[in-house]
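Visitor: My structure is below; once you've seen it, I'll send some questions.
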Amino acid sequence: MISGQPRTHTQVPVNIGTSVMGLRYKDGIMLAADTAVAYGSMKKTKHAQRMAAISSDTAIACSGEMSDFQELLKIFREKHDGDVIENDGALFLKPTDYFNYLSRVQYQRRMKGDPLWNGSIIGGVRQDSGDVFLGMVDLYGTKVEGNFLLTGLAAHYCQVLMQNSWRADLTEAEARAIIEDCMKVMFYRDKKASDEIQITTITKDQGVKIHDPYRIQGEWNFQFFHDKTNEFWRPIRIYNN
Amino acid sequence: MSIADLQNEIIPEVNTHSVQTDGTTIIAVKYDGGILLGADGRSANNMYVGNKVSDKLEPIHQRIYCQRSGTSSHTSTIARYVRYYMEIQANELGNLPPVESAAQVMREIIYSNKNSLSASMICSGWDPYKGYQIYQVNSSGYFEQGNWALSGSGGTFIWGYIDANYRENMTRAECKEFIKSCIALACYRDSSSGGCIRLLDITQDRVERDYVQYDDFKIK
Chain R
1 MISGQPRTHT
11 QVPVNIGTSV
21 MGLRYKDGIM
31 LAADTAVAYG
41 SMKKTKHAQR
51 MAAISSDTAI
61 ACSGEMSDFQ
71 ELLKIFREKH
81 DGDVIENDGA
91 LFLKPTDYFN
101 YLSRVQYQRR
111 MKGDPLWNGS
121 IIGGVRQDSG
131 DVFLGMVDLY
141 GTKVEGNFLL
151 TGLAAHYCQV
161 LMQNSWRADL
171 TEAEARAIIE
181 DCMKVMFYRD
191 KKASDEIQIT
201 TITKDQGVKI
211 HDPYRIQGEW
221 NFQFFHDKTN
231 EFWRPIRIYN
241 N
Chain U
242 MSIADLQNEI
252 IPEVNTHSVQ
262 TDGTTIIAVK
272 YDGGILLGAD
282 GRSANNMYVG
292 NKVSDKLEPI
302 HQRIYCQRSG
312 TSSHTSTIAR
322 YVRYYMEIQA
332 NELGNLPPVE
342 SAAQVMREII
352 YSNKNSLSAS
362 MICSGWDPYK
372 GYQIYQVNSS
382 GYFEQGNWAL
392 SGSGGTFIWG
402 YIDANYRENM
412 TRAECKEFIK
422 SCIALACYRD
432 SSSGGCIRLL
442 DITQDRVERD
452 YVQYDDFKIK
C-alpha cells in the first residue's frame with residue numbers, strides 16, 4: 001500500500017478471537033471458546049465457530065487472528081489429504097503428529113517474520129489405544145503440554161481457577177462447570193469476550209463432538225451492586241446554618 | 242512508516258492516502274425468494290468525490306455478483322480476477338459456477354495479499370447446488386457466510402439499526418425498503434457514502450437492477 005517501502009509482513013491481529021481453554025477430564029478432552037470475533041474494538045461476529053475437527057480424533061481451537069485460523073484449517077486439510085495420498089489411504093496421523101506439524105509450521109513462519117498470529121490448543125484421543133493428548137502452540141511455535149491449558153487473557157485470569165479445581169477424574173459435568181466458571185470470569189473482565197460459548201468434547205467412543213453454542217449466566221445482581229453507589233460512599237453533605 | 246500509515250493498515254476504510262477509494266456502504270440481504278444487494282454511489286479520495294454515481298455492484302457470472310469496498314483499483318482488479326476464474330470454472334462444469342467458489346477465490350486473493358491490498362468485499366448469488374448464498378471477505382481475509390452482509394465505511398453507522406430492525410425471510414418489498422433505509426441512514430452520516438442507491442435483485446430466474454436517486458431517499 002505504501003509505495004517505496006519494503007514489505008513488512010509481521011501483522012497486527014485485526015479479527016481477534018479471544019482466549020481458548022482446554023482440559024483433560026475422565027472421558028477425554030474438553031476444548032472451549034466463546035463465539036465472538038472482534039474487529040478492532042467492535043464486536044463484529046457473534047456466532048463464529050473458533051474450533052474445528054482436523055481428523056476424526058483430533059480437534060483444534062484457536063485464539064488470535066481468525067483469518068489465520070481459517071488458513072490453518074486449510075493447511076491442515078492439505079496436509080491430511082497429502083498424507084492420505086502418500087499412504088494410499090492408510091492414515092497414521094496421531095494427535096501428536098498434528099501438534100508437531102503445527103509447531104513446525106508456526107516456527108517456520110516466525111523465522112520468516114510472517115507469523116500465523118494464533119494461540120492454538122490441540123486435543124485428541126486415539127481411538128485405538130485410548131491415549132489422551134492435550135497441547136498448546138503459540139505464534140512462535142512453542143509447544144506446551146498439560147492437563148489444562150489456556151491461551152490469551154484467560155492464561156492470566158483463569159490459571160488459578162483451573163489449578164484449584166482440576167482433578168484427573170472429573171466427570172463431563174464437572175469439567176463443564178469449571179469451563180463455565182472460567183468463561184464467566186472472562187466475560188466479566190475481557191473486553192472482547194462474549195457470553196455465548198461453545199464446547200468440543202473428544203472421547204474414545206464418540207471421537208470429536210462439537211456441541212452447539214449456548215449462553216452462560218453471570219452474576220450481575222448482587223445486592224451491593226444496587227446499594228453501594230456513589231451516594232453511599234460519598235454522600236452530599238447538607239449543612240444547617 | 243508514520244502513524245497514519247499504520248492506522249491505514251489496521252483500518253483500511255479510513256484511508257489517509259490520496260488514492261481513489263470506494264468510501265462506501267454496501268449491504269446484501271437474503272429475503273424470501275432471493276437476494277437483494279444495495280450500494281451507495283460515491284467514490285472519493287480525501288475530500289473530492291471522483292465519481293458520484295459509481296457502480297459498486299460487479300457481475301461475476303450470470304447469477305453471482307460481488308460488491309466492492311476499499312481502494313477502487315484493488316477491488317475492481319480483484320473482481321476481474323474472480324470473474325476470469327469463474328468463467329473458466331463455468332466452462333469446465335458446463336453449468337453455473339458455485340457462489341462459494343467465487344467467494345473462496347476472492348478470499349485467497351485478499352488473504353494472500355492482505356498487507357498490500359485494501360479490499361473488503363461481499364460475494365453473493367444463486368447456484369443450482371446450494372441455492373441463495375451470501376459470503377463476505379474483509380480486508381484481513383476473514384471469510385464469513387450469512388443471511389446478510391454489511392461492509393464499507395458507511396456500514397459502521399448502521400450496525401445498530403440493522404441489529405434492531407433486521408428480520409429473517411422478509412418479502413421482497415420489505416427487504417427493499419429495509420435496504421433503502423439502511424443505505425440512506427449510512428449516507429446521511431458518512432461523508433464517504435452518498436450520491437445514489439443502486440439496488441440489485443438476484444433470483445433464480447433473473448437479475449434486476451434498480452436506481453434510486455438522491456431526492457427519493459434523502460432523510461429530512
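Residue numbers (our numbering), protein chains in the order written: chain R, 1 to 241; chain U, 242 to 461. Glycine included, every Cβ here is placed at the ideal spot set by N, Cα and C. Remember, predicted model here, so these are calculated numbers, not experimental data.
Hey, out of R:T35, R:A61, R:T45, R:F133, whose CA is closest to D195 (chain R)'s CA?
Guide: Taking the first sequence and counting its residues from 1, the one referred to as residue 195 (chain R) is at position 195. Cα-wise, what sits closest to D195 (chain R) is R:T35.
Visitor: Touch check for the region 96-103 of chain R and the region 135-149 of chain R: three-plus C-beta pairs under 8 Å?
Guide: Yes, the region 96-103 of chain R touches the region 135-149 of chain R.
Visitor: Anyone know if the C-beta pair for G119 (chain R) and L134 (chain R) falls short of 9 Å?
Guide: The count along the first sequence starts at 1 and reaches residue 119 (chain R) at position 119. The count along the first sequence starts at 1 and reaches residue 134 (chain R) at position 134. No, the Cβ-Cβ distance between G119 (chain R) and L134 (chain R) is not below 9 Å.
Visitor: Quick one: is P369 (chain U) buried, meaning 16 or more other Cβ sit within 10 Å of its Cβ, or exposed?
Guide: Looking up residue 369 (chain U) in the second sequence gives position 128. With fewer than 16 other Cβ atoms within 10 Å, it is exposed.
Visitor: So N100 (chain R) is in the alpha helix (DSSP H); what residue range does that whole segment cover?
Guide: As a working note, residue 100 (chain R) is residue 100 in the first sequence. Counting along the chain, the alpha helix (DSSP H) containing N100 (chain R) begins and ends at 95-111.
Visitor: Check whether the region 226-233 of chain R touches the region 88-96 of chain R, counting contact only when three or more Cβ pairs, one atom from each stretch, lie closer than 8 Å.
Guide: At 8 Å Cβ cutoff, the stretches do not touch.
Visitor: Can you list the residues of chain R that S365 (chain U) reaches, using a CB-CB cut of under 9 Å?
Guide: Here the question's residue 365 (chain U) lines up with position 124 in the second sequence. In chain order: nothing, as chain R lies at least about 17 Å away.
Visitor: Can you tell me the Cα-Cα spacing of D27 (chain R) and T171 (chain R), whole angstroms?
Guide: As a working mapping, residue 27 (chain R) is identified with position 27 in the first sequence. As a working mapping, residue 171 (chain R) is identified with position 171 in the first sequence. About 7 Å.
Visitor: Starting from V160 (chain R), trace the alpha helix (DSSP H) both ways and give me its first and last residue.
Guide: To locate residue 160 (chain R), count along the first sequence from 1; it is residue 160. Start and end: 159-165.
Visitor: Buried or exposed for W220 (chain R), please, with buried defined as at least 16 other CB atoms from any protein chain shown within 10 angstroms of its CB.
Guide: Taking the first residue of the first sequence as position 1, residue 220 (chain R) is located at position 220. By the 10 Å Cβ count, W220 (chain R) comes out exposed.
Visitor: Would DSSP call Y140 (chain R) helix, strand or coil?
Guide: Within the first sequence, the letter at position 140 stands for residue 140 (chain R). Three-state DSSP puts Y140 (chain R) in coil, outside helix and strand.
Visitor: Hey, does T229 (chain R) have any beta-carbon neighbour from chain U nearer than 9 Å?
Guide: For the purposes of this step, residue 229 (chain R) is taken as residue 229 along the first sequence, with counting starting at 1. Not closer than 9 Å to any Cβ of chain U, the Cβ of T229 (chain R) fails to qualify, so no.
Visitor: Mind the definition here: the region 268-280 of chain U touches the region 438-447 of chain U only if three or more C-beta pairs lie below 8 Å; say whether that holds.
Guide: Flag = yes, the region 268-280 of chain U and the region 438-447 of chain U touch.
Visitor: Mind listing, in chain order, the continuous alpha helix (DSSP H) runs of no fewer than 4 residues lying wholly within the region 372-421 of chain U?
Guide: You should have 400-406.
Visitor: Can you give the Cα-Cα distance for E449 (chain U) and A331 (chain U), rounded to whole angstroms?
Guide: Taking the second sequence and counting its residues from 1, one reaches residue 449 (chain U) at position 208. Taking the second sequence and counting its residues from 1, one reaches residue 331 (chain U) at position 90. Rounded to the nearest angstrom, the two C-alpha atoms are 22 Å apart.
Visitor: What does M66 (chain R) touch in chain U if you count any residue whose Cβ is under 7 Å from its own?
Guide: Taking the first sequence and counting its residues from 1, the one referred to as residue 66 (chain R) is at position 66. What M66 (chain R) touches in chain U: Y383.
Visitor: Taking just the CA atoms, how far does H211 (chain R) sit from V12 (chain R)?
Guide: In the first sequence, counting from the first residue as 1, residue 12 (chain R) sits at position 12. In the first sequence, counting from the first residue as 1, residue 211 (chain R) sits at position 211. Each residue's Cα considered, the two are about 31 Å apart.
Visitor: Examine chain U for any beta-carbon lying closer than 9 Å to the beta-carbon of E86 (chain R), and answer yes or no.
Guide: Taking the first sequence and counting its residues from 1, one reaches residue 86 (chain R) at position 86. No, because no Cβ of chain U sits closer than 9 Å to the Cβ of E86 (chain R).
Visitor: Nearest to I399 (chain U) by alpha carbon, out of U:A414, U:D431, U:Q374, U:M411?
Guide: Within the second sequence, numbered from 1, the residue matching residue 399 (chain U) stands at position 158. For I399 (chain U), the nearest C-alpha among the options comes from U:D431.
Visitor: Could you list which residues in chain U have their beta carbon closer than 8 Å to that of Q108 (chain R), in chain order?
Guide: By 1-based counting over the first sequence, the position of residue 108 (chain R) is 108. Correct list: empty, because the minimum Cβ distance to chain U is about 17 Å.
Visitor: To the nearest angstrom, report how far apart D404 (chain U) and K44 (chain R) are at their CA atoms.
Guide: By 1-based counting over the second sequence, the position of residue 404 (chain U) is 163. By 1-based counting over the first sequence, the position of residue 44 (chain R) is 44. Roughly 12 Å separates the two Cα atoms.
Visitor: Starting from N292 (chain U), find everything on chain R with Cβ-Cβ shorter than 7 Å and list it in chain order.
Guide: Locating residue 292 (chain U) in the second sequence gives position 51, counting from the first residue. In chain order: nothing, as chain R lies at least about 21 Å away.
Visitor: In three-state DSSP terms, what is T262 (chain U)?
Guide: Reading the second sequence from its first residue, position 21 is the one you call residue 262 (chain U). For T262 (chain U), the pLDDT reaches just 44, beneath the cut-off of 50, and the residue's location in the model is therefore unreliable, leaving the point undetermined.
Visitor: Using a beta-carbon distance below 9 Å, is Y352 (chain U) in contact with chain R?
Guide: Translated into positions along the second sequence, residue 352 (chain U) becomes position 111. Interface residue, yes.
Visitor: Just to make sure I have the definition right: I need the residues of chain U whose C-beta is within less than 9 Å of the C-beta of V137 (chain R). Which are they?
Guide: Within the first sequence, numbered from 1, the residue matching residue 137 (chain R) stands at position 137. None at all; the shortest Cβ gap to chain U is about 21 Å.
Visitor: According to the neighbour-count rule (16 or more other Cβ atoms, all chains shown, within 10 Å of its Cβ), is F222 (chain R) buried or exposed?
Guide: As a working note, residue 222 (chain R) is residue 222 in the first sequence. Classification for F222 (chain R): exposed.
Visitor: Distance cutoff 9 Å, beta carbons only. Does S433 (chain U) sit that close to anything in chain R?
Guide: The residue you call residue 433 (chain U) lines up with position 192 of the second sequence. S433 (chain U) does not count as touching chain R.
Visitor: Is it buried or exposed, T262 (chain U), if we count other Cβ atoms within 10 angstroms and call 16 or more buried?
Guide: Position 21 of the second sequence holds residue 262 (chain U). In this prediction, T262 (chain U) scores a pLDDT of 44, lower than 50, which makes its location untrustworthy; no coordinate-derived value is stated.
Visitor: So is A48 (chain R) in contact with chain U if we call contact Cβ pairs under 9 Å?
Guide: The sequence position of residue 48 (chain R) within the first sequence is 48, counting from 1. Yes, its Cβ sits closer than 9 Å to a Cβ of chain U.
Visitor: Would R348 (chain U) count as contacting chain C if we go by Cβ distances under 9 Å?
Guide: Chain labels in this structure do not include chain C; the protein chains are R and U.
Visitor: Can you pull the chain R residues whose beta carbon is under 9 Å from the beta carbon of N379 (chain U), in chain order?
Guide: The count along the second sequence starts at 1 and reaches residue 379 (chain U) at position 138. Within 9 Å Cβ-Cβ: V14, N15, Y39, K44, S67.
Visitor: Using 8 Å as the Cβ pair cut-off and three pairs as the minimum, do the region 301-318 of chain U and the region 364-378 of chain U touch?
Guide: Touching, per the Cβ criterion.
Visitor: Under 8 Å Cβ to Cβ from G382 (chain U), same chain only, skipping five residues before and after it: list those, please.
Guide: For the purposes of this step, residue 382 (chain U) is identified with residue 141 of the second sequence, where counting begins at 1. Counting only Cβ-Cβ distances below 8 Å, and skipping sequence neighbours, we find R348, I351, Y352, S353, K355.
Visitor: Anything in chain U within Cβ reach of Q70 (chain R), meaning under 9 Å, just list it in chain order.
Guide: Along the first sequence, read from residue 1 onward, the residue named residue 70 (chain R) stands at position 70. Those are R348, Y352, G382, Y383, F384, listed as they occur along chain U.
Visitor: Please confirm whether Q11 (chain R) has its beta-carbon closer than 9 Å to some beta-carbon of chain U.
Guide: Residue 11 (chain R) sits at position 11 when you count from the first residue of the first sequence. Yes, because at least one Cβ of chain U sits closer than 9 Å to the Cβ of Q11 (chain R).
Visitor: By how many angstroms is the C-alpha of A48 (chain R) removed from the C-alpha of A173 (chain R)?
Guide: Against the first sequence, residue 173 (chain R) aligns to sequence position 173. Against the first sequence, residue 48 (chain R) aligns to sequence position 48. The straight-line gap from Cα to Cα measures roughly 24 Å.
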